[in-house]
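For reference, the structure discussed in these notes is given below.
Residue numbers (my numbering): 189 to 399.
Encoded structure:
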């Protein structure tokens, strides 16, 4: 990914977590891209090697193991990385992280996105949001509102955050209905053009599709 100044950055996504580097010269951005691809591979491998449980903690463990392996594989000490402090490896490399969760049944195409945070905090947020998602909209809404009030997010009062979440809420049935409107009446339109049905019949079919 390039900016207007001709600098580049690496970016990957894994299990709702986006990791990206700061903008650098192309050669350094390529190195960061290779590093992040390796990190994602190790995380996914660690997830496969897990005990098969559905615990949201699995990803945190997978990232920790992957970072540990990355430190062993990569000559990071010369890059100014605190190799003895695994939680700071990505931070020292200029790698940033944020969370992006998609909940189509409530929010349609909208993604719930966190501010940019240290990876351990992003993983805690992910655990909280995914757990709340299992419990239902009200719990998820509360967790989302709390996230919007975190330092680093766009400045909002609690009332503004709650209003934002409520206005974004689109129940699943409404989403399905809005998605099905265009094609429910389409066959009737073709028949109308062919003279097989009247305009009034087409209008009634269109109204039925919108109910």
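The C-beta atom is built at its ideal place from N, Cα and C for all residues, glycine as well.
* Asked: Nearest to residue 282 by alpha carbon, out of 310, 254, 325 and 208?
  -> The residue given as residue 282 occupies position 94 in the chain shown. Per the Cα distances, 208.
* With 16 as the cutoff for other CB atoms within 10 Å, does residue 298 come out buried or exposed? -> Residue mapping note: residue 298 aligns to position 110 of the chain shown, counting from 1. It counts as exposed.
* Tell me, please, whether the segment 303 to 311 touches the segment 218 to 232 by the rule of three or more beta-carbon pairs shorter than 8 Å. => no
* To do: Helix, strand or coil for residue 231, going by three-state DSSP, please let me know.
  => Locating residue 231 in the chain shown gives position 43, where the first residue counts as 1. Residue 231 falls in the helix class under three-state DSSP.
* Asked: Quick one: Cα of residue 400 to Cα of residue 258, how far?
  -> With the chain running from 189 to 399 in the structure shown, residue 400 is simply not present.
* Quick one: Cα of residue 266 to Cα of residue 342, how far? -> Position 78 of the chain shown holds residue 266. Position 154 of the chain shown holds residue 342. Residue placement at residue 266 is flagged as unreliable, the pLDDT there being 49, under the threshold of 50; the coordinate-derived value follows with that caveat. If I take the Cα positions, the gap works out to 36 Å.
* Identify, in the order they occur along the chain, each residue of the same chain with its Cβ nearer than 7 Å to the Cβ of residue 349, setting aside the five sequence neighbours on each side. => Here residue 349 corresponds to residue number 161 of the chain shown, with the count starting at 1. For residue 349, where only same-chain residues beyond five positions count, the Cβ hits under 7 Å are 333, 336 and 337.
* Skipping 5 residues on each side, what residues in its chain have a beta carbon closer than 6 Å to that of residue 301? -> Along the chain shown, one-based indexing puts residue 301 at 113. Answer for residue 301: 288, listed in chain order.
* Asked: Whose CA, out of 320, 303, 312 and 304, lies closest to the CA of residue 291?
  -> For the purposes of this step, residue 291 is identified with residue 103 of the chain shown, where counting begins at 1. The shortest C-alpha separation from residue 291 is found at 320.
* Asked: Does DSSP classify residue 284 as helix, strand or coil?
  -> Here residue 284 is taken as the residue at index 96 of the chain shown, counted from 1. Note: residue 284 maps to strand in three-state DSSP.
* Starting from residue 207 and walking both ways along the beta strand (DSSP E), at which residues does that stretch end? -> In the chain shown, residue 207 corresponds to position 19, counting from 1. Note, residue 207: beta strand (DSSP E), 205 to 208.
* Asked: Does the beta-carbon distance from residue 346 to residue 294 come in below 8 Å?
  -> Along the chain shown, one-based indexing puts residue 346 at 158. Along the chain shown, one-based indexing puts residue 294 at 106. Cβ distance not < 8 Å, so residue 346 and residue 294 don't count as in contact.
* For residue 353, the three-state DSSP class (helix, strand or coil) -> Residue mapping note: residue 353 aligns to position 165 of the chain shown, counting from 1. Correct three-state label for residue 353: helix.
* **Between the CA atoms of residue 339 and residue 327 - distance to the nearest angstrom** => Residue mapping note: residue 327 aligns to position 139 of the chain shown, counting from 1. Residue mapping note: residue 339 aligns to position 151 of the chain shown, counting from 1. Approximately 21 Å between the Cα atoms of the pair.
* Where does residue 289 fall in DSSP's three states? -> Position 101 of the chain shown, counted from the first residue, corresponds to residue 289. In the structure shown, residue 289 sits in a strand (DSSP, three-state: E or B).
* Could you check the C-alpha separation between residue 199 and residue 344 for me, to the nearest Å? => By 1-based counting over the chain shown, the position of residue 199 is 11. By 1-based counting over the chain shown, the position of residue 344 is 156. Roughly 28 Å separates the two Cα atoms.
* Assign residue 237 to one of three DSSP states: helix, strand, or coil. => Residue 237 sits at position 49 when you count from the first residue of the chain shown. In this structure, residue 237 counts as coil in the three-state DSSP scheme.
* **Euclidean distance between Cα positions of residue 354 and residue 202** => Working through the chain shown from its first residue, we reach residue 354 at position 166. Working through the chain shown from its first residue, we reach residue 202 at position 14. Taking the straight line joining both Cα atoms gives about 28 Å.
* Just the C-alpha distance for residue 247 and residue 304, rounded to the nearest angstrom, thanks. => If you number the chain shown from 1, residue 247 lands on position 59. If you number the chain shown from 1, residue 304 lands on position 116. Going by the C-alpha atoms only, they are around 18 Å apart.
* Tell me residue 212's beta-bridge partners as DSSP assigns them. => Numbered from its first residue, the chain shown carries residue 212 at position 24. Beta-bridge pairing links residue 212 to 196.
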